[in-house]
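When we follow the numbering used here, the leftmost residue of the sequence shown carries the number 126, and every step to the right adds one.
For reference, the structure is listed below as structure tokens.
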Amino acid sequence: MHNVTVIDQPGNAEHETYKMLLSLAFCSNLLDAHMKHEI
């Protein structure tokens, strides 16, 4: 039961949020390009 290792490192939540934002931006960029391609 050692799943406390990564979670309570300082700044990890911010890192996760950053990664989430990055992938969100990436996805919306892909979607945008796809939409422009469709038209």
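No residue lacks a Cβ here, since even glycine has one placed at the ideal position from N, Cα and C.
I need the straight-line Cα distance from residue i to residue j, nearest angstrom please.
i: ALA158; j: PHE151; result: 11 Å
i: GLU139; j: MET160; result: 31 Å
i: MET145; j: SER153; result: 12 Å
i: TYR143; j: LEU155; result: 18 Å
i: LEU149; j: HIS162; result: 20 Å
i: LEU147; j: ASN137; result: 15 Å
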